[in-house]
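Trainee: Numbering (the UniProt record's numbering), first residue to last: 1 to 285.
Think of the CB as a built atom: it goes at the ideal place given N, C-alpha and C, for glycine as much as any other residue.
Remember, it's a predicted structure, so these values are computed and weren't measured experimentally.
Supplied in structure tokens, the structure appears directly below.
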């Protein structure tokens, strides 16, 4: 595959995922995504299947269900119907059917604790987690950040390759000062690490064109400062979603959590990190 073709395909996939995440609660069609990418429906859908191994319908359904599974755990004051609607399901019955087919339990059973059985092997990896309960967040409005980014499949040490490439792109485009930002689309307790979606980002100007860009939207966030070593971020995400959020007086949005690094162990020879973790939230009244 030619370099230009590979770049074009990467841009199509990035544009598609960003659009899905941004519009998760709405109906998303093949027509609008093909038009957005300036392609025929047939050509666009073929690229999606070849690059992801899934049809567009399967891709959208997968993201909706992963988000719903997490919100059922974190947003205990929202009804199942409200969560289904946030994740793009108009029909309550179709949501229940799709959820049970994917996770083996109904949304009600999942919410009442069955997710622990589903995720038993994943949870066991976090049993040695540190005590994060003394880390108090600052609740504040966080402004829009325009980013260039590289999408990475999996939460693992190979993330370093994406950061190295992003640093090289910044260097070749004369960007000397920038924030290193990571987006965490998935809860690693209920999604296998190899299937989690991680996005490495740097903030750029609006006229940046070298690779795909998007906006981290303005949002009310709980902002936690976290210092640690490899593995602590995933343990911390588990703590935030499963313990802090359900007892906080806030609920999670469908916008993904993200981190801004002060010290990034993926881009230095050091083994520790220092970051601010941003969790987009709604206030419970």
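If we ignore side chains and look at the alpha-carbon of each, how far apart do residue 92 and residue 81 end up?
Mentor: About 6 Å.
Trainee: So is residue 186 buried or exposed if we call it buried at 16+ other beta carbons inside 10 Å?
Mentor: Under this definition residue 186 is a buried residue.
Trainee: Helix or strand or just coil, what does DSSP make of residue 16?
Mentor: Residue state, collapsed to three classes: helix.
Trainee: Can you find at least 3 beta carbon pairs, one from the stretch 252-266 and one from the stretch 171-182, that sit closer than 8 Å?
Mentor: Segments in contact, yes.
Trainee: Using the rule of at least 16 other Cβ atoms within 10 Å of the residue's Cβ for burial, across every protein chain shown, is residue 90 buried or exposed?
Mentor: Exposed, because fewer than 16 other Cβ atoms sit within 10 Å of the Cβ of residue 90.
Trainee: So residue 210 is in the beta strand (DSSP E); what residue range does that whole segment cover?
Mentor: Note, residue 210: premise wrong, no beta strand (DSSP E); not H, not E.
Trainee: Quick one: what's residue 177 bridged to in DSSP?
Mentor: The partner list for residue 177 (beta bridge, DSSP) is empty, contrary to what the question assumes.
Trainee: Where does residue 118 sit, in a helix, a strand or coil, going by DSSP?
Mentor: Three-state DSSP puts residue 118 in a helix.
Trainee: Can residue 132 and residue 236 be called in contact, C-beta distance under 7 Å?
Mentor: Yes, these two residues count as a Cβ contact at 7 Å.
Trainee: Within the same chain, show all residues whose beta-carbon is closer than 8 Å to that of residue 65, passing over the 5 residues directly before and after it, in chain order.
Mentor: If we look at residue 65 and ignore the five residues flanking it on each side, its Cβ neighbours are 87, 98, 99, 102, 103.
Trainee: When the Cα atoms are used, what is the spatial distance from residue 21 to residue 270?
Mentor: Cα-Cα distance, rounded: 33 Å.
Trainee: Assign residue 83 to one of three DSSP states: helix, strand, or coil.
Mentor: Of the three classes helix, strand and coil, the one that applies to residue 83 here is helix, per DSSP.
Trainee: Report yes if the C-beta distance between residue 261 and residue 275 is below 7 Å; otherwise report no.
Mentor: Closer than 7 Å, so yes.
Trainee: Could you check if residue 238 is buried or exposed, using at least 16 other CB atoms within 10 Å of its CB as the buried criterion?
Mentor: Flag for residue 238 reads buried.
Trainee: Taking buried to mean at least 16 other C-beta atoms within 10 Å of its own C-beta, is residue 188 buried or exposed?
Mentor: When all chains shown are included, residue 188 counts as buried.
Trainee: Indicate whether residue 277 and residue 224 have their beta-carbon atoms separated by less than 7 Å.
Mentor: Yes, they are a contact pair.
Trainee: Is residue 215 helix, strand or coil when you go by DSSP?
Mentor: DSSP places residue 215 in strand when its eight states are reduced to three.
Trainee: Just list the alpha helix (DSSP H) runs in the UniProt domain "HTH araC/xylS-type" (14-113), keeping only unbroken ones of 4 residues or longer that don't cross its boundaries, in chain order.
Mentor: Runs found: 30-36, 41-52, 56-74, 80-86, 92-103.
Trainee: Return the Cβ separation of residue 194 and residue 146 in integer angstroms, given the expectation that the two are a contact with Cβ distance under 8 Å.
Mentor: Rounded, the Cβ-Cβ distance is 30 Å, inconsistent with contact.
Trainee: Which residue wins for smallest C-alpha separation from residue 117, given the options 190, 140, 272?
Mentor: Comparing Cα-Cα distances from residue 117 to each of 190, 140, 272, the minimum goes to 190.
Trainee: Would you call the CB atoms of residue 58 and residue 144 closer than 7 Å?
Mentor: No; because the gap between Cβ atoms is not below 7 Å, this pair is not in contact.
Trainee: Report the rounded CA-to-CA distance for residue 37 versus residue 148, giving the unit in angstroms.
Mentor: Rounded to the nearest angstrom, the two C-alpha atoms are 18 Å apart.
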